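Enquirer: Please find one structure pasted underneath; my questions will follow.
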Amino acid sequence: MDDVVLDGDKVRLRDWRPSDLGPLRDLLDPARPWHETNGPYFGTPSTAAAESTARELTTIKAEPPDPRTSLAVCDLSDGRLIGRVSWYWESRETDWRRMGLVIYDERYWGGGFGTEALRMWTTYLFSRTDALRLDFATFSGNPGMIAVGRRLGFVEEGRFRSARRWSGGVHDAVVYGVLREEWDRRHRSDMGPA
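In our numbering, the protein residues as written are 166 to 359.
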């Protein structure tokens, strides 16, 4: 199976490589600020858990899944690893896929890198699956992820009010989703030649 490499204007989504291990270790460091917005109520992973995740992602699979379950997000200008996109089964029985996006490197927050990465990832998943819809879950304490979803045309489909007690506050859990036909209408130019 060919390597997956998807280029945008700012980011490249690509398969993980063994050479990503060192940079990924640094980005997964429990002291990094991204842990404050990416499900922080689940707790910050230990150094050992971060190491395990880094090794798992950067170990080459003999037969990588199609579609990929995770890709590295890199700065297109210099190849620097800055984040990750992913998907998992919320419910395989009902064909419900949930996506994830993390821009680990805070120097890339607010610059459109996450928006472009999620746009490309959503287009990739719709092109490689027969999914009727895709969604992501976050919480009201992550305004950046909410803004990315809204910018791309995702619709707030669920809000669980006061669902997350964390860091001295109470936050809503939210889910944003998009239907295939909505995505196709809004992002027709992303689909490439017919």
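Here a beta-carbon is modelled for each residue, glycine too, at the ideal position from N, C-alpha and C.
In this text, all values refer to a predicted model and were calculated from it rather than measured experimentally.
1. How would you label W252, buried or exposed, when you count the other beta carbons within 10 angstroms and need 16 or more for buried?
2. Are A214 and L189 close, meaning C-beta to C-beta below 9 Å?
3. Would you say the stretch 196 to 213 touches the stretch 296 to 310, given that touching needs at least three Cβ pairs under 8 Å?
4. By Cβ distance, which residues of its chain are closer than 7 Å to R324, with the 5 residues on each side in sequence left out?
5. Under three-state DSSP, which class holds H352?
6. Are the CB atoms of D185 and L266 nearer to each other than 9 Å?
7. Using the Cβ count rule (16 or more neighbours within 10 Å means buried), how would you classify E321?
8. Taking the alpha-carbon of R277 as reference, which of V313, D300, L236 has the nearest alpha-carbon?
9. Could you tell me the distance, in whole angstroms, from the CA atom of D167 to the CA atom of L299?
10. Measuring only the C-alpha atoms, how far is V238 from R329?
11. Which residues bound the beta strand (DSSP E) around V250?
12. At what residues does the beta strand (DSSP E) containing G318 begin and finish?
13. Which residue comes first and which comes last in the beta strand (DSSP E) that contains S184?
14. For L171, which beta-bridge partners are listed by DSSP?
15. Assuming E258 and P198 make a contact with CB atoms under 8 Å, what is their CB distance in whole Å?
Expert: In short, the structure shows the following:
1. Here residue 252 refers to the residue found at position 87 of the sequence shown. Classification for W252: buried.
2. Numbered from its first residue, the sequence shown carries residue 214 at position 49. Numbered from its first residue, the sequence shown carries residue 189 at position 24. Their beta carbons are not under 9 Å apart, which means A214 does not touch L189 by this criterion.
3. In the pairwise beta carbon analysis, the stretch 196 to 213 is classified as touching the stretch 296 to 310: at least three pairs are separated by under 8 Å.
4. By one-based count along the sequence shown, residue 324 stands at place 159. Excluding residues within five positions, the ones whose Cβ falls inside 7 Å are D337, V339.
5. Stepping through the sequence shown from its first residue, residue 352 is reached at position 187. Note: H352 maps to coil in three-state DSSP.
6. Looking up residue 185 in the sequence shown gives position 20. Looking up residue 266 in the sequence shown gives position 101. Not closer than 9 Å, so no.
7. The residue labelled residue 321 in the question sits at position 156 within the sequence shown. Counting Cβ neighbours within 10 Å, E321 comes out exposed, since fewer than 16 surround it.
8. Residue 277 sits at position 112 when you count from the first residue of the sequence shown. Per the sequence shown, residue 277 should be read as Gly rather than Arg. Out of V313, D300, L236, V313 has the C-alpha closest to the C-alpha of G277.
9. As a position in the sequence shown, residue 167 is number 2, starting the count at 1. As a position in the sequence shown, residue 299 is number 134, starting the count at 1. Rounded to the nearest angstrom, the two C-alpha atoms are 24 Å apart.
10. Here residue 238 refers to the residue found at position 73 when the sequence shown is read from its first residue. Here residue 329 refers to the residue found at position 164 when the sequence shown is read from its first residue. Computed Cα separation, rounded: 28 Å.
11. Within the sequence shown, the letter at position 85 stands for residue 250. Per DSSP, V250 is one residue of the beta strand (DSSP E) stretching across 246 to 256.
12. Walking along the sequence shown from the start, residue 318 turns up at place 153. Taken as a continuous stretch (DSSP letters only), G318 belongs to no beta strand (DSSP E), as it is neither H nor E.
13. As a working mapping, residue 184 is identified with position 19 in the sequence shown. In this chain, S184 is not harboured by any beta strand (DSSP E), its DSSP state being neither H nor E.
14. The sequence position of residue 171 within the sequence shown is 6, counting from 1. Answer is L178, bridged to L171.
15. Within the sequence shown, numbered from 1, the residue matching residue 258 stands at position 93. Within the sequence shown, numbered from 1, the residue matching residue 198 stands at position 33. Wrong, their Cβ atoms sit about 37 Å apart, outside the cutoff.
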